[in-house]
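Numbering (my numbering), first residue to last: 188 to 403.
The structure appears right after this line, and notes come after that.
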């Protein structure tokens, strides 16, 4: 019986090199966007990264791009309420969506962010894939289910990336993977492979780079 949502295979040498080269060039911050009118021209493929606060999103983006301070981690979860655009080479945008699931933000701020997120996900024609970050210590939580359902309704293919895998023993990681697989089985927009990463150890980074570089 084939495993549902298997781990993404490590790329072969040629594909890994394609991923490396994509991020070996210039990767620069373009702008922070607070309204759809502020989005840069849709003139290239883009991928976005979503995840609840403290999931390690900034660290992952920095690891993928090889730029230590590119995406800045905030000490206050949920403080950054912008969609942040970065270039990757000449033909890709990386899009950092604001962290969700924070408890201290005012309700009107949360509602404004949710509206912008829905508009972005349903209206950005050049968006090829959303990477949804899930903490390997905790698995899919209720707050994650909300964004997964939103991606379903927007018909945006999303792929789950488990972060901080080095913080979990292998037996526990296996339990979390089972929980994630069960949760994803209810979501039609879920891409049927998981990526396990550690920004600190570099686990899964070549795989993620290769996937981004080979999207069409």
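Each residue gets a CB set at the ideal place from its N, CA and C atoms; glycine is no exception.
Query raised in the report: What does DSSP give as the partner residues of residue 247 in its beta bridges?
Result: Residue pairing by DSSP places residue 247 opposite no residue, since no beta bridge is assigned to it.
Query raised in the report: Of the choices 252, 220, 254, whose alpha-carbon is the least far from that of residue 269?
Result: Selection 252, 220, 254 evaluated against residue 269 yields 220 as nearest (Cα-Cα).
Query raised in the report: What does residue 385 pair with, by DSSP beta-bridge criteria?
Result: For residue 385, which the question treats as bridged, DSSP gives the partners 390.
Query - Buried/exposed call for residue 331, threshold 16 Cβ in 10 Å - result: By the beta-carbon neighbour count (other beta carbons within 10 angstroms, threshold 16), residue 331 is buried.
Query raised in the report: How close, in whole Å, do the beta carbons of residue 233 and residue 287 come, if the pair is a contact with beta carbons under 8 Å?
Result: The Cβ separation is near 19 Å, so there is no contact.
Query raised in the report: What three-state label does DSSP hand residue 199 in the structure shown?
Result: Assignment of residue 199 by DSSP, reduced to helix, strand and coil, places it in the coil class.
Query raised in the report: Apart from the five residues just before and just after residue 195, which ones in its own chain have a Cβ nearer than 6 Å to its Cβ?
Result: The residues 380, 382, 394, in chain order, have a CB closer than 6 Å to that of residue 195 in the same chain once the five nearest residues on each side in sequence are set aside.
Report task. Given a cut-off of 8 Å, decide if residue 353 and residue 390 are closer than it, judged by their beta-carbon atoms. Result -> At the C-beta level, residue 390 and residue 353 come within 8 Å of one another.
Report task. Spell out a yes or no on whether the segment 213-228 and the segment 365-372 are touching, meaning 3 or more CB-CB pairs, one atom from each, closer than 8 Å. Result -> In short, these stretches do not touch, since the Cβ pair count stays below three.
Query raised in the report: Thinking just about the alpha-carbon of each residue, which of 315, 283, 344 is nearest to the one in residue 231?
Result: Closest by alpha carbon: 315.
Requested in this report: Output the residue ranges of the beta strand (DSSP E) runs that lie fully inside the segment 288-331 and measure 3 residues or longer, sorted by chain position.
Outcome: Runs of the beta strand (DSSP E) lying entirely within the segment 288-331, each at least 3 residues long, are 314-322 in chain order.
Requested in this report: Specify the secondary structure class of residue 277 as computed by DSSP and reduced to three states.
Outcome: DSSP places residue 277 in coil when its eight states are reduced to three.
Query - Rounded C-alpha distance that separates residue 203 from residue 397 - result: Taking the Cα positions, residue 203 is about 5 Å away from residue 397.
Query raised in the report: Counting Cβ pairs, one atom from each stretch, are 3 or more of them under 8 Å apart for the segment 319-326 and the segment 235-254?
Result: Segments in contact, yes.
Query - Where residue 239 falls: helix, strand or coil (DSSP) - result: Judged by DSSP in its simplified three-state form, residue 239 adopts strand.
Report task. Compare the Cα-Cα distances from residue 238 to each of 296, 350, 312 and report the closest residue. Result -> It is 350.
Requested in this report: Please report the residue range of the beta strand (DSSP E) in which residue 349 lies.
Outcome: Boundaries of the beta strand (DSSP E) harbouring residue 349: 345-350, taken from the DSSP string.
Query - Residue range of the beta strand (DSSP E) that includes residue 217 - result: For residue 217, the enclosing beta strand (DSSP E) starts and ends at 216-220.
Query - Helix, strand or coil at residue 355 according to DSSP, with G and I counted as helix - result: Coil.
Query raised in the report: Taking the alpha carbon of residue 346 as the point to measure from, which residue in 208, 197, 236 has its own alpha carbon closest?
Result: With distances taken between CA atoms, residue 346 lies nearest to 236 out of 208, 197, 236.
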